[in-house]
Amino acid sequence: MIIRDDAVSEIFGYLILMGIVVLGISIILLSGAYVIPDSKETAQFNTVEQAFTVGDSRMSKARFSTSIFQETPFEFGDGTVFVNGTEDDSYIAIYGADQKLIHRCALGTVKYVGDNGEIAYQGGGVWVKYPNGGTIMRSPPDFNYNGVTLTLPITRIDGNTSIAVNGGGAVMLDASSPDGVITPIYPGIKGMNPVPQNYSINITIKSDYYSAWADYINERTSAIAVTDPSKKIVNVSLKTGIPLQNKLAIDGFTTEAMDTDDPTPIEVFILNLTGRNPGNCYTLTYCVPDIDGAEPDPQLYIIVTRLNGKIKDEAGVPVNENKNYGVIEFKYIDKANGIEEVFANCTEYQRQEFREDSLYIDMLNQSYVLNYHSTNPTVTWGTDQANFDTGLVIGYDDSSDIMPGGSKTLHDITQHYLWLMAKQYPDDGPDYDIAEKKISGLPGGPTGNNNFKFNPDESRVFIKYRSGQDIKYLYITEGVLKVGLSSKTGSMQS
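Each residue of the sequence shown is one higher than the last, beginning at 4 in the working numbering.
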């Protein structure tokens, strides 16, 4: 018998096709055995999630009224609903200046726990926590900060109970405000609005959903939240605007919490100095003090010198004998990146009437020009500086780097370098103190060696800037929400 090749190919092709079909059906059946129950559990979890979202609005209504009693059904397969009003579970604490406690109370939690995770009502918001530990916010909490006003209408859960469901069923959650009283915490009797200047407000929130709390605060408000996973805590620190610093020059000044989103944050910067002895020259040098015994990097020197006698140009040729002249110098050093930028010039200044030894300089003067003395072009100015450039601002020219021999106004230099240093030290400053050593390598006159020849009892510094944490108003209230649970259907275990 003769068997044709094409007939054999057709048989093998049929067998291969059938094998693929059988394999595909097997895979679908095997995987479906797991997908179908999982889909059912996911649907049940989503149902509870929707119930909590509805319950959020209903509990908010109950919180603000004694006449409203709200009920919310929760239908699910297997799981447990808990009401926990103890402080060990969750709390919020608000501290004022010097960590003085303003208010602390338990938040309390209403939560459902099932195989697919847990869903909770806490602090006026709804939170979801998955088996892998990840958490998300489903409905926002009662925490509102727009950069000016912090509003905390605290909802405290009162109750400690639980109900477990086996084999399907429903739980009825009832919520009411037992006395309907909304207690004002701040301003209250002792608080005040606007909040006092140079005042710190710190908020601590303990919660199993701390990471989702932090995400909400960082993404939806103007505050910055920092977490401590080991304690399940969220910390938020806010500060009121820094007032005008009117200080003795020898005490230095601070740029703590400067608003570095604002390219020109300095509003006032004036040096009003006098000498110990009339007719003598003196120098005032500010810089960032050593940090833990090490010289800070980057560093900024701000140097002002009152000259005595004849004024010489850079070639050493006498110009005149007018004592209403001085030298203003800025020296920015970033050793880690090999940057050194120096601006300086001999500049006319105003002086107090009848005080020949006085030196009064508005460091935001837009008429004074300082020359650039470094041998290399600047790198902290210009539109190509992703880290440093502040963009174009009307009346403020920072659009390009400066070549040797170039110049900038005193206003622009002051704004640029104080902003730049605040950008480099975002956490706590920097502060500027009197330099205790001579600063060399600067043109224009004596620097650093005459720091203490000015009059420490009369010389003053004035500085004011826009704060990046400028909270002005604080409102805190507390209301109690009594929550109970009752079984409706299915097999219950309380």
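Cβ atoms here follow ideal geometry from the backbone N, Cα and C, with glycine treated the same way. Because the structure is a prediction, the values reported are computed rather than measured.
Beta-carbon gap between M140 and A215 smaller than 8 Å: Position 137 of the sequence shown, counting from 1, holds the residue named residue 140. Position 212 of the sequence shown, counting from 1, holds the residue named residue 215. Cβ distance < 8 Å, so M140 and A215 count as in contact.
Minimum C-alpha distance to I208 - residue among T258, S179, A178 and V239: Position 205 of the sequence shown, counted from the start, is the residue given in the question as residue 208. Nearest option by C-alpha distance: V239.
Proximity test, D118 beta-carbon vs the ligand HEM heavy atom, cut-off 7 Å: Judged by which ligands are present, the structure shown has none, so any question about the ligand HEM falls away.
Under the three-state DSSP convention, the category I415 falls into: Within the sequence shown, residue 415 is the residue found at index 412, counting from 1. The residue asked about is misnamed: residue 415 is Asp in this sequence, not Ile. Three-state DSSP puts D415 in a helix.
Rounded straight-line distance, which links the Cα of A100 to that of A228: By one-based count along the sequence shown, residue 228 stands at place 225. By one-based count along the sequence shown, residue 100 stands at place 97. Near 19 Å, if we compare the C-alpha coordinates of A100 and A228.
Length of the line joining the Cα atoms of E344 and P266: Reading the sequence shown from its first residue, position 341 is the one you call residue 344. Reading the sequence shown from its first residue, position 263 is the one you call residue 266. Whole-angstrom Cα-Cα distance: 19 Å.
Continuous alpha helix (DSSP H) stretch holding N135: start and end: Along the sequence shown, one-based indexing puts residue 135 at 132. Counting along the chain, N135 falls outside any alpha helix (DSSP H), and DSSP gives it neither H nor E.
Extent of the continuous beta strand (DSSP E) run through E222: Taking the sequence shown and counting its residues from 1, one reaches residue 222 at position 219. From DSSP, E222 is part of no beta strand (DSSP E) but of the alpha helix (DSSP H) over Y213 to R223.
Whole-angstrom distance between G120 and G493, CA atom to CA atom: Stepping through the sequence shown from its first residue, residue 493 is reached at position 490. Stepping through the sequence shown from its first residue, residue 120 is reached at position 117. Because the pLDDT of G493 is 43, which lies under 50, any placement of that residue in the model is unreliable, and the question is left without a value.
Unbroken beta strand (DSSP E) run spanning R159, endpoints: Within the sequence shown, the letter at position 156 stands for residue 159. Here the beta strand (DSSP E) through R159 covers T152 to D161.
Whole-number beta carbon distance between P301 and D337, since they are thought to touch under 8 Å: Residue 337 sits at position 334 when you count from the first residue of the sequence shown. Residue 301 sits at position 298 when you count from the first residue of the sequence shown. Sure, about 4 Å apart at Cβ, within 8 Å.
Among Y133, A438 and A260, the one whose alpha carbon lies nearest that of R429: Here residue 429 refers to the residue found at position 426 of the sequence shown. Going by the sequence as given, residue 429 is Pro instead of Arg. Among Y133, A438 and A260, the Cα nearest to that of P429 is on A260.
Integer-rounded CB distance, given that D161 should sit under 8 Å from L488: Taking the sequence shown and counting its residues from 1, one reaches residue 488 at position 485. Taking the sequence shown and counting its residues from 1, one reaches residue 161 at position 158. Not a contact, Cβ separation roughly 13 Å.
Identity of the residues DSSP links to T277 by a beta bridge: Here the question's residue 277 lines up with position 274 in the sequence shown. Note: T277 sits in no beta bridge, so no partner.
Euclidean distance between Cα positions of V84 and I166: Reading the sequence shown from its first residue, position 81 is the one you call residue 84. Reading the sequence shown from its first residue, position 163 is the one you call residue 166. Cα to Cα, the separation comes out at about 5 Å.
Three CB pairs or more closer than 8 Å across the region 418-425 and the region 235-252: no
Neighbourhood of S403 by C-beta, 6 Å cutoff - its chain only, sequence neighbours within 5 removed: Residue mapping note: residue 403 aligns to position 400 of the sequence shown, counting from 1. Once the five neighbours on either side are set aside, the close Cβ partners of S403 are G385.
Distance, P459 Cα to I437 Cα: The residue you call residue 437 lines up with position 434 of the sequence shown. The residue you call residue 459 lines up with position 456 of the sequence shown. Roughly 11 Å between the two C-alpha positions.
Euclidean distance between Cα positions of Y212 and H106: As a first step, residue 212 is located in the sequence shown; it is residue number 209 there, counting from the start. As a first step, residue 106 is located in the sequence shown; it is residue number 103 there, counting from the start. So the alpha carbons of these two residues sit roughly 21 Å apart.
Spatial distance of G471 from T263 (CA atoms): Walking along the sequence shown from the start, residue 471 turns up at place 468. Walking along the sequence shown from the start, residue 263 turns up at place 260. Computed Cα separation, rounded: 7 Å.
Rounded C-alpha distance that separates N117 from M175: For the purposes of this step, residue 117 is taken as residue 114 along the sequence shown, with counting starting at 1. For the purposes of this step, residue 175 is taken as residue 172 along the sequence shown, with counting starting at 1. It should be noted that the sequence gives Gly, not Asn, for residue 117. Rounded to whole angstroms, G117 to M175 spans 17 Å at the Cα level.
Closest Cα partner of T154 within the set G137, K132, N196 and S180: The sequence position of residue 154 within the sequence shown is 151, counting from 1. Answer by Cα proximity: N196.
Euclidean distance between Cα positions of M424 and F465: The residue given as residue 424 occupies position 421 in the sequence shown. The residue given as residue 465 occupies position 462 in the sequence shown. Whole-angstrom Cα-Cα distance: 19 Å.
Outcome for G482 when other beta-carbon atoms lying within 10 angstroms are tallied against a minimum of 16: Locating residue 482 in the sequence shown gives position 479, counting from the first residue. Buried: at least 16 other Cβ atoms inside 10 Å.
Collapsed DSSP secondary structure at Y420 in the structure displayed: The residue given as residue 420 occupies position 417 in the sequence shown. Three-state result, Y420: helix.
Other residues of its chain near G82: CB distance less than 7 Å, five sequence neighbours each side excluded: If you number the sequence shown from 1, residue 82 lands on position 79. Within the same chain, G82 has close Cβ partners Y115, V116, G117 and V168.
Given G409 as reference, the closest of D415, L373 and Y399 once Cα atoms are compared: Locating residue 409 in the sequence shown gives position 406, where the first residue counts as 1. The candidate whose alpha carbon is nearest that of G409 is L373.
Cα-Cα separation between P268 and T186, rounded to whole angstroms: In the sequence shown, the residue the question calls residue 268 occupies position 265. In the sequence shown, the residue the question calls residue 186 occupies position 183. Near 39 Å, if we compare the C-alpha coordinates of T186 and P268.
Alpha-carbon spacing of I249 relative to R463, whole angstroms: By one-based count along the sequence shown, residue 249 stands at place 246. By one-based count along the sequence shown, residue 463 stands at place 460. The residue you asked about is not Ile; residue 249 is Asn in the sequence shown. C-alpha separation (whole angstroms): 7 Å.
Nearest-angstrom Cα separation, counted from I206 out to I220: In the sequence shown, the residue the question calls residue 220 occupies position 217. In the sequence shown, the residue the question calls residue 206 occupies position 203. Taking the straight line joining both Cα atoms gives about 12 Å.
Those residues which DSSP pairs with C290 across a bridge: As a position in the sequence shown, residue 290 is number 287, starting the count at 1. Bridge partners of C290: D436.
Cβ neighbour criterion (16 or more within 10 Å) applied to I364: As a position in the sequence shown, residue 364 is number 361, starting the count at 1. It counts as buried.
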